[in-house]
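With the UniProt record's numbering applied, the sequence shown corresponds to residues 1 to 551, in that order. Shown next, in structure tokens, is the structure this report addresses.
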Amino acid sequence: MGATDVCMPLVTGQTWFSVPKTVNLRLINQPPPGVGGKDTILYILKEFKRNTIAADCVVEFTGPGLQHLSCDARFAIANMCTEFGAVTGIFEADERTMDFIGRRRTKKHKNDAVYFKADPDAEYAGRFEVDLSKVESFVAVHPSPDNVVPVSEVAGTRLDGTFIGACTTAEEDLVIGALVLKAGLERGQRPCDRGQRLVVPGSKPIRHKLEKIGLLDIYRRAGFRVGVPGCSMCVGQGVDQAAPGEVWLSSQNRNFPNRMGPSSLANLGSAATVAASSFLMTICDPKPLLEAIDAAYLQKCLGYQPSTMSDEPRSQRQSMPYLEPYGADGAEHCESQEQPGPEKKNPATERTGQQGSAADVINGRVLVLGDFIDTDAIIPSKFLAGNTTNESLGEHCMEFFMPDFRGMVRDGLNIVVGGKGFGCGSSRDVAVNALLGAGVKCVIAKSFAFIYARNQPNIGLLGIIIEEEEFHHLATQGKAISIDLSSCQVRCGGRSFCFQLSTMEKSLIAAGGLTEAFRRFGTQVFDALCQHKKLAPSPQQKGTDIESIGY
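Okay, here's the thing in structure tokens:
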């Protein structure tokens with residue numbers, strides 16, 4: 001979720017949410033030794049591509065293959081479900097989950113963990129199988145996380161830098177990366193004189209552990225600079241940036257254009273692949289060095305049996321303390337309860353006094369963009385610091401991706417028409433602020449990335465989904481276009497096209513976003529915005545499942 005989404009529940013105790021569908025990925029078989037979470041999610045992206053089966057869905061991972069993936073491996077996979085196009089990724093709890101929770105128990109935390117699993121007859125939007133035995137070392141080649149190939153296909157690619165870190169590089173990955181370097185050093189490999197090498201642990205506790213067991217010293221001996229825990233190169237901001245034209249191999253999660261720095265080229269791989277490639281600063285297969293790792297020493301460093309370094313089968317599943325799944329009795333606890341109180345105002349009608357007035361019609365001209373316009377393209381990370389208003393952010397909107405964008409919007413092309421996956425990538429909600437600041441009145445796309453789609457109404461920008469190819473054929477550059485919010489119709493090229501928009505979203509747009517609505521209604525903001533419960537939905541709105549959910 002974006003910043004507004006995260007902050008508002010802390011203040012009000014509520015949020016709004018459109019309940020997503022769920023896709024089931026059943027994992028089978030066992031991956032090769034040393035191949036963990038990062039290569040697994042790259043394989044999934046290679047096979048299914050982003051914003052396809054997982055678009056706007058929860059991805060639920062189940063199956064016998066789970067036993068071969070540690071919790072750290074699962075963290076990496078769940079994290080990069082964003083690149084898959086999903087709302088989130090969830091792993092069914094098993095004995096590895098219990099072991100992980102058990103090792104982290106302290107007096108400050110609960111000792112009696114309770115676990116959930118899906119009903120045996122659960123309905124899914126789709127069921128798919130992933131064969132872990134087919135996972136190998138992969139590289140996602142610039143400029144997309146799903147442009148994935150086996151490492152052998154890009155072996156020998158010259159590199160200017162290698163980076164191990166960011167949120168998709170868990171403790172297990174950092175340990176394996178260090179032991180790959182150790183194996184290389186023991187075989188007489190030495191870091192070449194050119195290029196940059198950087199490792200950044202994700203947190204202070206992880207950094208302290210790596211220092212204590214001597215693994216950071218291995219990184220230093222292999223030519224790596226050890227950075228302060230944080231995002232570092234992954235966000236391409238501050239000191240840690242790639243120079244224009246530089247080619248990097250990174251264990252981060254995204255490799256969109258300019259992600260690591262303006263005009264830089266980022267490729268993605270596991271920490272093991274990055275480590276093995278750092279010696280000669282060329283992409284190479286880590287398999288020989290992975291095979292040289294002492295499995296017992298790796299387990300000692302981690303404190304548990306890692307993902308796949310041992311061929312020993314896991315024990316039979318322990319008796320898990322599963323909570324009974326939701327049924328007729330449990331479902332009521334998930335629903336918002338209407339509380340008696342003073343008559344509430346509806347911001348959807350408050351601004352004009354009635355629905356369907358002229359204020360509900362937006363006129364403009366089309367500015368056409370393509371598929372997968374990511375938030376790094378909309379507002380590069382270089383311009384995030386110091387720009388706190390819509391106007392200042394708007395001055396840099398699309399600066400690297402489309403330098404003429406701002407001038408085109410000022411000239412009246414203020415209705416953006418995009419393709420698939422608009423707003424993919426980072427969760428930075430300021431991408432919406434930047435579009436507003438540039439003068440964009442509405443974004444129409446075939447589909448939106450989930451987080452971006454929520455950020456639009458929360459910040460006050462109208463976002464509409466129209467999948468029909470006829471519309472996108474008619475909506476050419478500069479074409480006149482009209483949007484009627486009261487009837488949920490877009491008129492372009494002499495044709496009308498319907499769209500779905502919940503009254504909650506209409507209310508947020510009319511109020512100027514969630515922050516403005518909060519200023520008007522205070523902590524009762526969601527009660528005010530939920531007046532749609534007392535209104536009959538329009539034909540276009542039927543089937544839209546929007547609720548206010550109390551935490």
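We put the beta carbon where it would ideally sit given N, CA and C, even for glycine. Here the structure is a predicted model, which is why all the values come from computation and not from measurement.
- Secondary structure of Y322 (DSSP, three-state): strand.
- Pairing A271 with I206 gives a Cβ-Cβ distance that is not under 8 Å.
- A distance below 8 Å between beta-carbons, with the five flanking residues on each side excluded, links R221 to the following residues of its chain, in chain order: L181, L185.
- The Cβ atoms of K117 and A86 do not sit closer than 8 Å to each other.
- Taking 3 residues as the minimum length, the beta strand (DSSP E) runs contained wholly in the stretch 413-438 are 415-417, in order along the chain.
- Taking one beta carbon from each stretch, the stretch 119-135 and the stretch 34-47 have 3 or more pairs nearer than 8 Å; the two touch.
- With contacts defined as CB atoms closer than 8 Å, G423 and N390 fail to qualify as a contacting pair.
- Under a 10 Å Cβ-count criterion, Q252 is classified as buried, with 16 or more other Cβ atoms of the shown protein chains found around its own Cβ.
- Counting only residues of its own chain and dropping the five nearest sequence neighbours on each side, S263 has a CB closer than 7 Å to the CB of P244, G245.
- Just so you know, the alpha carbons of R428 and G230 end up roughly 16 Å apart.
- Taken atom to atom, the span from the alpha-carbon of T15 to that of F526 is near 7 Å.
- Straight-line spacing of the CA atoms in T476 and G493 works out to 9 Å.
- The stretch 496-516 and the stretch 463-483 touch, with no fewer than 3 CB-CB distances between them shorter than 8 Å.
- In this model, D72 and P31 are separated by some 15 Å (Cα to Cα).
- Between the stretch 154-172 and the stretch 193-200 there are three or more inter-stretch CB-CB distances shorter than 8 Å, so the stretches are counted as touching.
- Contact annotation: G460 and R254 have beta-carbon atoms that are not nearer than 8 Å.
- Shown here, P9 sits in a helix according to DSSP, grouped into three states.
- F471 carries a helical assignment under DSSP once its states are collapsed to helix, strand and coil.
- Ranked by how close their Cα comes to the Cα of A242, the residues F84, M260, R127 have M260 in first place.
- Note that the C-beta distance between A54 and V23 is below 8 Å.
- Residue environment analysis places R74 among the buried positions, since at least 16 neighbouring C-beta atoms fall within 10 angstroms of its C-beta.
- For A377 and E469, the gap between their C-alpha atoms comes out near 25 Å.
- With fewer than 16 other beta carbons inside 10 angstroms of its own, K300 counts as exposed.
- In this structure, the straight-line span from the alpha carbon of G126 to that of T52 is close to 11 Å.
- The closest CA to that of R454, considering only P380, R520, M402, G513, is found on G513.
- As the crow flies, the alpha-carbon of G188 is around 53 Å from that of N433.
- Secondary structure remark: continuous alpha helix (DSSP H) runs of at least 4 residues inside the stretch 159-238, in chain order: 171-186, 204-212, 215-221.
- Here P150 is bridged, per DSSP, to F138.
- Going by C-alpha positions, V274 is about 15 Å away from R194.
- In this structure, the alpha-carbon of L66 lies about 46 Å from that of P403.
- Membership of V274 in the alpha helix (DSSP H) is indicated by the continuous run 271-277.
- In the three-state reduction of the DSSP assignment, L27 falls in the strand class.
- A Cβ-Cβ contact shorter than 8 Å links I362 with C442.
- Secondary structure note for G102: it is in no beta strand (DSSP E), and the uninterrupted alpha helix (DSSP H) holding it is 95-104.
- The C-alpha of F471 lies about 16 Å from the C-alpha of G364.
- In the structure shown, F448 adopts extended strand secondary structure according to DSSP, grouped into three states.
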